[in-house]
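Numbering (our numbering), first residue to last: 457 to 788. Here a beta-carbon is modelled for each residue, glycine too, at the ideal position from N, C-alpha and C. Below is one structure, written out as structure tokens; the observations come after it.
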Amino acid sequence: MSDYSLAPGAPRPRRLRRSPAVRRLVSEHRLHAADLVLPMFVKESLSEPVELQGMPGVHQHTLDSLVEAARAAADAGVGGIMLFGIPAERDAVGSGAWDPDGILNRAIAAVGAAVGERTVVMADLCLDEFTSHGHCGVLDAHGEVDNDATLDRYAQMALAQAAAGAEVLGLSGMMDGQVAAVRHALDAAGRSDVIVLGYTAKYASAFYGPFREAVDSQLEGDRRTYQQDPANGREALRELELDLSEGADIVMVKPGLPYLDVLAEVAAASPVPVWSYQISGEYAMVEFAARAGAIDRMPAILESLVAFKRAGADAILTYWAAEVAGELGRSR
Ligand code: PBG
């Protein structure tokens, strides 16, 4: 008996950690395939899929390889697929975004036909992939992003995506009033069925780095006049209030791991589902650390994802969605 033995009846939290079965029984949060959404990239000019250097395991797809990978993700049980399109030609206003024959709109229709009702088809609603300058909106005469002129374009884009069959529109552009503009346009066109996902708290993050390669970003400079300052937490609650009042069906906090405090606050305050996006840089950090032998890859992935659940996320956008959905299916 040690000099420091606990008294009889003393609290011993370790009792609930004593075996895998007990730990499983008392686990507060669980990952489920249905909570995972897979972001995917389709690029018009490709004849073969291309693996991204900054995101090993993630591809820019052709329309054909996209459909095949989307089918596999649906088979694995992912909750949804979020599509991003990279057009062959760009212009100042991003007109490929609302062209029914634009790459993203064709991809929405093709993926929708392939997966049917087995998973939810979503589309990124933002102009940055479609503009020649790479900004999320159109520019005014001084080269500044013109908020209200951009809203008209978002409304057009929303109608095209809805017509192509997108069930959820992901408004990632951080223009003021974007949720209201898209909701009104959809309702006026008789599309009150289409779900609006507001990227409510989206920060101007350095961790978007690898995404720039994924979408062949044309951006010079940054997005700090529309995305939030990483120093500001309280401001996320103001954005939440606005998105709710404008009719957002689901709200988002992005990035994920560096902003779990914001996620927890938004989750505590929101009456609608709260999602979070584990972004490209978060993915890259784990992949490259694992390749260097510094961390054990799959346990690190699962730990990072359960952290989102613990902070209050209802669903998570992650580039590992299909792989983890498969992994969870196997370990059941
Ligand atoms: C912009 C957009 C970005 C991401 C998703 N939508 C980049 C940005 O805001 O600069 C980043 C996603 C990621 O990094 O994985 N519409």
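Alpha carbon of residue i to alpha carbon of residue j, nearest angstrom
i, j, result
"Arg-772", "Met-538", "Checking the sequence, you will find Ile at residue 772 rather than Arg. About 11 Å."
"Asp-770", "Ser-458", "46 Å"
"Pro-686", "Leu-615", "32 Å"
"Leu-582", "Glu-669", "Checking the displayed sequence, the identity of residue 582 turns out to be Cys instead of Leu. Rounded to whole angstroms, Cys-582 to Glu-669 spans 17 Å at the Cα level."
"Ala-489", "Glu-697", "30 Å"
"Ile-757", "Thr-774", "10 Å"
"Arg-480", "Ser-787", "12 Å"
"Arg-639", "Glu-676", "31 Å"
"Arg-690", "Phe-663", "21 Å"
"Ala-611", "Leu-642", "8 Å"
"Leu-791", "Gly-749", "Since the first and last residues shown for the chain are 457 and 788, residue 791 lies out of range."
"Leu-719", "Gly-712", "8 Å"
"Gly-599", "Thr-681", "12 Å"
"Leu-716", "Ala-725", "14 Å"
"Asp-632", "Asp-602", "10 Å"
"Ala-637", "Glu-738", "31 Å"
"Leu-627", "Lys-765", "22 Å"
"Arg-486", "Pro-755", "14 Å"
"Ala-645", "Val-576", "22 Å"
"Ile-735", "Leu-492", "13 Å"
"Ile-651", "Val-624", "5 Å"
"Glu-545", "Val-594", "16 Å"
"Ile-751", "Val-742", "8 Å"
Residue i, buried or exposed, once every other Cβ within 10 Å from all chains shown has been counted against 16
i, result
"Arg-753", "exposed"
"Gln-509", "exposed"
"Ala-477", "exposed"
"His-515", "buried"
"Asn-792", "As shown, the chain starts at 457 and ends at 788. That puts residue 792 outside it, with no answer to give."
"Ser-648", "exposed"
"Pro-464", "exposed"
"Glu-702", "buried"
"Ser-483", "exposed"
"Ala-548", "exposed"
"Glu-573", "exposed"
"Pro-666", "buried"
"Glu-759", "exposed"
"Gly-513", "exposed"
Same chain, Cβ closer than 7 Å to residue i, five either side skipped, listed in chain order
i, result
"Gln-683", "Met-630, Lys-658, Tyr-659 and Ala-660"
"Glu-500", "Ile-542, Pro-543, Ala-544 and Ile-559"
"Pro-495", "Met-538, Phe-540, Leu-773 and Tyr-775"
Chain-order list of residues whose beta-carbon lies under 6 Å from that of residue i (same chain, five-residue window excluded)
i, result
"Pro-729", "Ile-706 and Asp-770"
"Ala-532", "Ala-778, Ala-781 and Gly-782"
"Ala-620", "Asn-561, Ile-564 and Ala-565"
"Asp-699", "Val-635, Gly-654, Thr-656 and Val-707"
"Gly-568", "Val-577 and Gly-621"
Contacting residues, own chain, Cβ-Cβ under 8 Å from residue i (five flanking each side not counted)
i, result
"Gly-498", "What sits at residue 498 in the sequence shown is Val, not Gly. Once the five neighbours on either side are set aside, the close Cβ partners of Val-498 are Gln-516, His-517, Thr-518, Leu-519, Leu-522, Leu-539, Phe-540, Gly-541, Ile-542, Ile-559, Leu-560 and Ala-563."
"Leu-462", "Arg-468"
"Arg-473", "Arg-479"
CB contact below 8 Å: residue i versus chain B
i, result
"Asp-604", "No chain B appears in this structure, which consists of one protein chain only."
Exercise for review: Please list, in chain order, all residues with a C-beta atom less than 5 Å from at least one heavy atom of the ligand PBG.
Suggested key: Every residue passing the under-5 Å Cβ criterion appears here: Cys-582, Asp-584, Ser-628, Tyr-664, Phe-667, Ile-735 and Ser-736.
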